[in-house]
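Residue numbers (numbering that gives the first Met the number 0), protein chains in the order written: chain A, 0 to 261; chain B, 0 to 261. From the three backbone atoms N, C-alpha and C, an ideal C-beta is built for every residue, glycine too. In what follows, a structure is listed as structure tokens, so that the remarks can point back to it.
Protein chains: 2
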Amino acid sequence: MRRIVLIIEYRGTAYVGWQVQPNGVSVQEVICGAIERLTGESVSLHASGRTDSGVHALAQVAHFDTGSRIPADKFAFALNTYLPADIRIKGSMELPAGGENGFHSRFSVKKKHYRYTVLNTLHASALTADTALHIHYPLSLERLNEAARLFLGTHDFGAFKAVNSTAASTVRTVYISEWKREGDTLVYDVAGNGFLYNMVRIMVGTMLRIGMGYDGVDIIEKALADPRRGNAGDTAPAHGLTLRRVEYLEFDTDDVLRSNRL
Amino acid sequence: MRRIVLIIEYRGTAYVGWQVQPNGVSVQEVICGAIERLTGESVSLHASGRTDSGVHALAQVAHFDTGSRIPADKFAFALNTYLPADIRIKGSMELPAGGENGFHSRFSVKKKHYRYTVLNTLHASALTADTALHIHYPLSLERLNEAARLFLGTHDFGAFKAVNSTAASTVRTVYISEWKREGDTLVYDVAGNGFLYNMVRIMVGTMLRIGMGYDGVDIIEKALADPRRGNAGDTAPAHGLTLRRVEYLEFDTDDVLRSNRL
Chain A
0 MRRIVLIIEY RGTAYVGWQV QPNGVSVQEV ICGAIERLTG ESVSLHASGR TDSGVHALAQ
60 VAHFDTGSRI PADKFAFALN TYLPADIRIK GSMELPAGGE NGFHSRFSVK KKHYRYTVLN
120 TLHASALTAD TALHIHYPLS LERLNEAARL FLGTHDFGAF KAVNSTAAST VRTVYISEWK
180 REGDTLVYDV AGNGFLYNMV RIMVGTMLRI GMGYDGVDII EKALADPRRG NAGDTAPAHG
240 LTLRRVEYLE FDTDDVLRSN RL
Chain B
0 MRRIVLIIEY RGTAYVGWQV QPNGVSVQEV ICGAIERLTG ESVSLHASGR TDSGVHALAQ
60 VAHFDTGSRI PADKFAFALN TYLPADIRIK GSMELPAGGE NGFHSRFSVK KKHYRYTVLN
120 TLHASALTAD TALHIHYPLS LERLNEAARL FLGTHDFGAF KAVNSTAAST VRTVYISEWK
180 REGDTLVYDV AGNGFLYNMV RIMVGTMLRI GMGYDGVDII EKALADPRRG NAGDTAPAHG
240 LTLRRVEYLE FDTDDVLRSN RL
């Protein structure tokens, strides 16, 4: 068996999320269907992590094992012919399945990068309705960044995880945590060695109240010191969130996206 | 009666275009429905021009006459509560309906600005599938701009109009005609005193063949000198096109979008 790794872009709007759910169509099952049409095999497809309904991915990573002899880089082209336009494979490669150097999309992750996009205008936008959260109350970039800086480093993020999360440890390290203004849009870029369930959305929900002046940054200091869910803010809506990049020892999705250039 | 002018953003994907058609839902009828729910009146809504199915607008302009006493700037807020997320009113104002200074969304236009977006990568994008044309064959920015420059100035654009167009004159003046690279994306910005039916899409379709090296720029010289439809290239797909800005003596939609900032 060969282990094939896919780099996947998707618009999450029409899906119940990455993972198979009883209540609708998941990205995972659509890609598994395309793999079955191509290879005749019913495979298990393992992602770097699940994404919620409405969350997008510029570069999700997932692998499956196959007996197919299709050249590794041809899977991207072949699968795209069986996939809807809102799911695109941006690259495919073969990596070792087992042994010391065995690759696993989830367990081998070194860093993940997410972006949360906020449109801060009086009226909402039709064109970005599914990809940015609209907030018509003025946000202070300075206050957002005062808040964002507090997440940098290694902390117990227990207050910033969904109550139904079952993670063994809630300690994570955040390497990048920064808001930037791009025209009428405020983007939050965050990178870490891993994220708890709903962690980015709760971090953003907490910061947005600070950016609007409703809360002080001490909310975050308290939530990191006393990691109970009730000490953090609301979960920001899913549709503003995009998984942008996953880094492994073996490869970086940014390099795969670069190789997509002509 | 008061004349109310709306500045409208829409994602054209789900619609048959601006204008009411028998085969689906139009942007025009959806907005007319919202106006009727708000005012109780069945109005005629006149746009700066129609857009085809799949074409988007960042700033379409349309007006209607009403007996309603709602303050002019409140129409935007009120109508948005009755509209789907893929149609948003970005601003509203009152302008004179008749007399020497009478305003008309179509007849008073001074300049219109369109943008055509091309994603030039190996694999297509899921997130921009509805808003950019994907071309996996390398395009030369230099050749595209050699072609684009030939459209500048006043010409007979008879070769660059759909055969079923009924415009009295096919002479138009183009003020801006330029391709720019933005990462993996090539955008074509064009401004003119008016555009024939399908004119921008045929101009783009003609330039894309030149940018790929299939045709020389002489194709455009010939089509402008001998303005028959057969002398120009194919009509580029609708979904890459966005109406970005309309300029009038009375106002510029760019100023309205700026006033949308917080």
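8 Å CB neighbourhood of residue i in its chain, flanking five on each side removed
| i | result |
| --- | --- |
| S258(A) | G90 |
| T205(A) | A146, F159, D214, I218, I219, A222, A231, G232, D233 |
| A77(A) | L37, I69 |
| R227(A) | G157, A158 |
| E249(A) | L94, F102, S107 |
Extent of the continuous alpha helix (DSSP H) run through residue i
| i | result |
| --- | --- |
| A222(A) | 217-224 |
| V26(A) | 26-38 |
| R200(A) | 198-210 |
| L140(B) | 140-148 |
| K160(B) | It is not in any alpha helix (DSSP H) - K160(B) carries neither H nor E in the DSSP assignment. |
| A77(B) | 73-79 |
Contact with chain B by residue i, beta-carbon distance below 9 Å
| i | result |
| --- | --- |
| D254(A) | no |
| S176(A) | no |
| I86(A) | yes |
| S258(A) | yes |
| N79(A) | yes |
| L248(A) | no |
| T241(A) | yes |
| D129(A) | yes |
Neighbouring residues, chain A, relative to residue i (Cβ below 7 Å)
| i | result |
| --- | --- |
| P137(B) | L261 |
| R262(B) | The first residue shown for chain B is 0 and the last is 261, placing residue 262(B) beyond what the model contains. |
| H55(B) | L126 |
N- and C-terminal bounds of the beta strand (DSSP E) containing residue i
| i | result |
| --- | --- |
| G249(A) | The question names Gly, but residue 249(A) is Glu in the sequence shown. Unbroken run through E249(A): none, as it is neither H nor E. |
| A190(A) | 184-191 |
| A167(A) | That residue, A167(A), is in no beta strand (DSSP E); it is neither H nor E in DSSP. |
| A13(B) | No beta strand (DSSP E) holds A13(B); DSSP gives it neither H nor E. |
| G152(B) | 152-155 |
| E93(B) | 86-94 |
| D64(B) | 55-65 |
| L118(B) | 108-118 |
Sequence-distant residues of the same chain with beta carbon closer than 6 Å to residue i, five excluded per side
| i | result |
| --- | --- |
| K111(A) | V245 |
| T120(B) | D183 |
| I349(A) | Since the first residue of chain A shown is 0 and the last is 261, residue 349(A) is not available in this structure. |
| Y196(B) | K160, A161, S164 |
| S139(B) | G210 |
| H55(B) | R10, G11, T241 |
Amino acids of chain A, ordered along the chain, whose beta-carbon sits closer than 9 Å to that of residue i
| i | result |
| --- | --- |
| H154(B) | Result: empty, since nearest Cβ-Cβ is about 31 Å, beyond 9 Å. |
| T169(B) | Chain A residues near T169(B): none, gap ~31 Å exceeds 9 Å. |
Any chain A beta carbon closer than 9 Å to residue i
| i | result |
| --- | --- |
| A274(B) | Here chain B comprises residues numbered 0 to 261, so residue 274(B) is not present and cannot be evaluated. |
| D51(B) | no |
Close-in-space but distant-in-sequence residues of the same chain around residue i (CB under 7 Å, 5 per side omitted)
| i | result |
| --- | --- |
| V216(A) | E145, A146, L149, I209 |
| R49(A) | G16, W17, Q18 |
| V203(A) | Y115, Y187, A235 |
| A96(A) | M0, R2, D64 |
| D72(B) | S91, M92 |
| S25(B) | Y14, V15, G16, W17, Q18, V19 |
Under 7 Å from the C-beta of residue i: neighbouring residues of chain B
| i | result |
| --- | --- |
| D183(A) | R260 |
Any non-hydrogen atom of the ligand PLP within 8 Å of residue i CB
| i | result |
| --- | --- |
| H62(B) | In terms of ligand content, the structure shown is empty, and the ligand PLP therefore cannot be addressed. |
Contact set between the stretch 191-225 of chain A and chain B, restricted to residues whose Cβ is under 9 Å from the partner: Of all residues in the stretch 191-225 of chain A, none comes within less than 9 Å of chain B when Cβ atoms are compared.
Members of the stretch 89-123 of chain B near chain A, C-beta cut-off 7 Å: Per Cβ criterion, the list reads K89, N119, T120, L121, H122, A123.
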